Amino acid sequence: MPGCNNDRDCGDDMLCASKNCVKACRDNSCGKNAVCLATRHRAVCSCPSGFSGDPIKECKSYECLQNEDCGSDEECNTDGKCKNVCLGACGLNAICRSVNRSPQCSCPPNYLGNPKIECTKQAVGSCLRNPCGVNARCRDVEDGSYECTCPPNCAGNPQRQCFCGTMEPCASKSCGTNAQCRIGQNGQPQCYCPRNYPNGDPNIECALERSVVDCRTTGCGINGECLREGAEFVCRCIPGTEGQADIECKTTLECGAHDHCAAGLACMEGRCGD
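Numbering (UniProt numbering), first residue to last: 1 to 274.
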């Protein structure tokens, strides 16, 4: 190696050390994975593409430099890695979803608790909370809800109170087909349609399916009349007419008097005959 008194005596990529010109970039000049560039007798360290960090100490590979380099549900951490924001963000059994790269924790259906700590499964149904009225029975339903009913020989509103041993008012109450009787909040008997026949007029008839048209509220057409047929109220044409009863029924009579008929014929029940 050529001798030297100072750096200027050496090449641009070398420096003067112990009267000798040596390379500015040596094995220990820069940190791990760093790139060394000798210029003006100095070693300049930098991290190559795809790496970041302190080039004097260590350059580490990275996936990202900012959040936008990651997926919509990820963020760029201090190590230059894309990390799912929901990873370890919520409690046991909780559901996590990313909103603007922030974790949102919630408990799934039929679970309760603090979603950031733990969600615990509810007991089947809610009967353990005694949600029904006095003397009522509670039954768990598969969808997680409950159903309140009055026991046999009892009546009333099962959500509030069932009256047992006081069924005399219902004994004298006449309800419609498939209907049942219960004691109302005012203590008076009332007819109602049960769950298995939920539609109709409980004072007349309860049916499984709801009537499509109820002429008591819609009315009927010209020459039409509203009649009850089973659990339904439908429009029918009055006798002597035909047509669409909810719009108009037209007369079907041939005659209204004898002189409306041909000679030798008489008008009988709207028809001309001999």
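C-beta atoms are modelled at their ideal positions from N, C-alpha and C, and glycine is treated no differently.
This structure is a prediction, so every number in the text was calculated from the model and none was measured.
Residue i: first and last residue of the uninterrupted beta strand (DSSP E) it sits in
i: CYS154; result: 154–157
i: HIS266; result: The sequence shown places Ala at residue 266, not His. It spans 266–268 - the beta strand (DSSP E) in which ALA266 sits, taken as one unbroken run.
i: THR177; result: Note, THR177: premise wrong, no beta strand (DSSP E); not H, not E.
i: ARG137; result: 137–140
i: ALA43; result: 42–46
i: TYR62; result: Element bounds for TYR62: n/a, residue is neither H nor E.
i: GLN244; result: 241–244
i: SER49; result: SER49 -> no beta strand (DSSP E), and no H or E assigned at all.
i: VAL35; result: 35–39
Cβ-based burial, residue i [other Cβ within 10 Å; buried from 16]
i: VAL141; result: exposed
i: GLN190; result: buried
i: GLU205; result: buried
i: GLU232; result: buried
i: GLY156; result: buried
i: LEU87; result: exposed
i: LEU15; result: buried
i: ALA34; result: buried
Run of the alpha helix (DSSP H) containing residue i, from where it starts to where it stops
i: THR149; result: Not the alpha helix (DSSP H): THR149 falls in the beta strand (DSSP E), residues 146–149.
i: CYS215; result: 215–218
Separation of residue j from residue i, as counted between CA atoms
i: HIS258; j: ASN223; result: 24 Å
i: ALA136; j: ALA179; result: 19 Å
i: GLY133; j: CYS105; result: 35 Å
i: CYS170; j: PRO108; result: 45 Å
i: GLU147; j: ARG139; result: 5 Å
i: LYS121; j: GLY113; result: 9 Å
i: ASN20; j: ASP13; result: 13 Å
i: GLY273; j: PRO239; result: 19 Å
i: residue 301; j: PRO152; result: In the structure as shown, the chain starts at 1 and stops at 274, and residue 301 therefore has no counterpart that could be examined.
i: THR241; j: CYS255; result: 13 Å
i: LYS60; j: LYS23; result: 26 Å
i: ARG182; j: TYR192; result: 7 Å
i: LYS250; j: GLY270; result: 14 Å
i: ALA89; j: SER102; result: 9 Å
i: CYS25; j: ARG40; result: 12 Å
i: THR78; j: CYS36; result: 24 Å
i: GLU58; j: VAL85; result: 27 Å
i: CYS127; j: SER145; result: 8 Å
Assigned secondary structure, residue i (DSSP; H/G/I helix, E/B strand, else coil)
i: ALA171; result: helix
i: CYS162; result: strand
i: GLU225; result: strand
i: LEU208; result: coil
i: CYS82; result: strand
i: ASP201; result: strand
i: ARG195; result: coil
For residue i, the residue or residues it bridges with in DSSP
i: TYR111; result: LYS121
i: ARG97; result: GLN104
i: residue 275; result: In the structure displayed, the chain extends from 1 to 274; residue 275 sits before or after that span and is not available.
i: SER29; result: Partner(s): none; SER29 has no beta bridge.
i: GLY273; result: ALA266
i: CYS76; result: CYS82
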